[in-house]
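Q: Before I ask anything, let me first share the structure, which is written out below as structure tokens.
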Amino acid sequence: MDIEKQASKSSVEADLKSPDKPARRDSEPGIAIQYRTLSLHVDRPATNKKKRGNGKVDPTEDISDINVHLLRVEDVFTRYSTHPTLGLESAALERKRNDPKNIISPPPAQYWRKIVTYLFGGFNFLMWIAFIVTILSYKPLGEPNPQILNLGVAILLIAVIIISATFYALVDFNASKIMASIRGLVAEEAIVIRNGVKQEIKAEDVTVGDLVVLSLGQRVPADLRLVEVSSDLKFDRALLTGERLVGRDSDASPFPTVVRFFEMV
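The sequence shown begins at 1 in full-length UniProt numbering and counts up one residue at a time.
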């Protein structure tokens, strides 16, 4: 028996060490399947997310994945761990304490970039080229008798650039004032049901899963999914669409059939 064991052990070691002998094929199918499965799981996230030119993920991809407006009411409550009558409970609120606020964050103000855009953006870029050519025509290309007319044209071009940059700045300033006034129309308070109690909170404190109660004259404090509505429900969408007339909302239903997310509340 010992001789047979030693012989078999020697044959196994010879098989492993022999470079000319091909590797056993009984394990190859299993290894190939494992690697194929892992590659699928790793590659899918990278191919599904489209990126912009600057390397950031395109936000339209995240928006296109939103399907909460197509779910059943029961599925909505299940997804966001809330109750149809009690709303969010204390334990859920504690877990969401560190969630982002319900506010629209303004873009970072990069004033130096704005100034550069005012001075060199648009038509001013061509004006700068004309200014440089005019200066070179005055000196040194105009020597030994530089024409004073070229210098006058250069000064005129600088004046046009300054006036144009000032105009761009005024237009941008007025646009920022309009956007600030629009942000001022956002709801400041919201009525929610938490722990079965109806209470009024700041709109910025509304969190995902809150049961929001809307009544006549109130502003919608956040993106909402309707779960219970009255037959005469109407929304004023003038801020979004520019339409002044308020009509009955055909999509204001707990059981929507549309697939247009941006037309939901």
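For glycine and all other residues, C-beta sits at the position ideal for the given N, C-alpha and C.
(1) Rounded to a whole number of angstroms, what is the C-alpha to C-alpha distance between Gln66 and Val153?
(2) Could you tell me how far apart the beta carbons of Thr82 and Leu211 are, in whole angstroms, since I believe they sit closer than 8 Å?
(3) Could you give the distance in angstroms between the alpha-carbon of Asp200 and the alpha-carbon of Ile182?
(4) Using a Cβ-Cβ distance cut-off of 8 Å, determine whether Lys198 contacts chain D.
(5) Counting pairs of Cβ atoms below 8 Å between the segment 83-103 and the segment 131-139, do you hit three or more?
(6) Let me check one thing: in DSSP terms, what residues is Gln199 bridge-paired to?
(7) Going along the chain, which residues of its own chain have a beta-carbon closer than 6 Å to the beta-carbon of Leu194, five neighbours each way excluded?
(8) Would Ala222 pass as a contact of Asn102 if the rule is Cβ separation under 8 Å?
(9) Quick one: what does DSSP say Val73 is sitting in, helix, strand or coil?
(10) Just the C-alpha distance for Asp172 and Trp112, rounded to the nearest angstrom, thanks.
(11) Which residue from Val229, Ser90 and Pro106 puts its Cα closest to that of Lys177?
(12) Do you know how far the Cα of Ala165 is from the Cα of Ile129?
(13) Going by alpha carbons, who is nearest to Glu188 out of Lys198, Met179, Ala203 and Ala180?
(14) Buried or exposed for Asn48, please, with buried defined as at least 16 other CB atoms from any protein chain shown within 10 angstroms of its CB.
(15) Would you report the Cα separation of Pro84 and Ile191, rounded to the nearest angstrom?
(16) So, with DSSP's three-state summary, where would you put Ile31?
(17) Tell me, which residues are paired with Lys114 by DSSP?
(18) Closest by CA to Gly196, which one among Phe167, Ile132 and Ser90?
(19) Cutting at 8 Å between CB atoms, please list the residues of its own chain near Asn145, excluding the five before and the five after it.
(20) Considering only DSSP beta bridges, list what Gly87 is partnered with.
A: Result, derived from the coordinates:
(1) In the sequence as presented, Gln is not what sits at residue 66; that position holds Ile. When rounded, the distance between both Cα atoms is 58 Å.
(2) That belief holds up - the Cβ atoms of Thr82 and Leu211 are roughly 6 Å apart, short of 8 Å.
(3) Per the sequence shown, residue 200 should be read as Glu rather than Asp. Going by the C-alpha atoms only, they are around 23 Å apart.
(4) Here there is only one protein chain, and chain D is not present.
(5) They do not touch, by the three-pair rule.
(6) Val192
(7) Note that residue 194 is Arg in the sequence shown, not Leu. Result list for Arg194: Gly87 and Leu88, in chain order.
(8) yes
(9) Here DSSP, grouped into helix, strand and coil, assigns Val73 to helix.
(10) 14 Å
(11) Pro106
(12) 16 Å
(13) Comparing Cα positions, the closest option is Ala203.
(14) Bear in mind that the predicted position of Asn48 carries a pLDDT of just 48, short of 50, making it unreliable; the figure below should be weighed with that in mind. With fewer than 16 Cβ atoms within 10 Å of its Cβ, Asn48 is classed as exposed.
(15) So the two alpha carbons sit approximately 15 Å from each other.
(16) Annotation note: pLDDT 47 at Ile31 (below 50); position unreliable, coordinate value reported separately. Ile31: helix per DSSP, three-state reduction.
(17) In DSSP, Lys114 forms no bridge with anything.
(18) Ser90
(19) none
(20) His83
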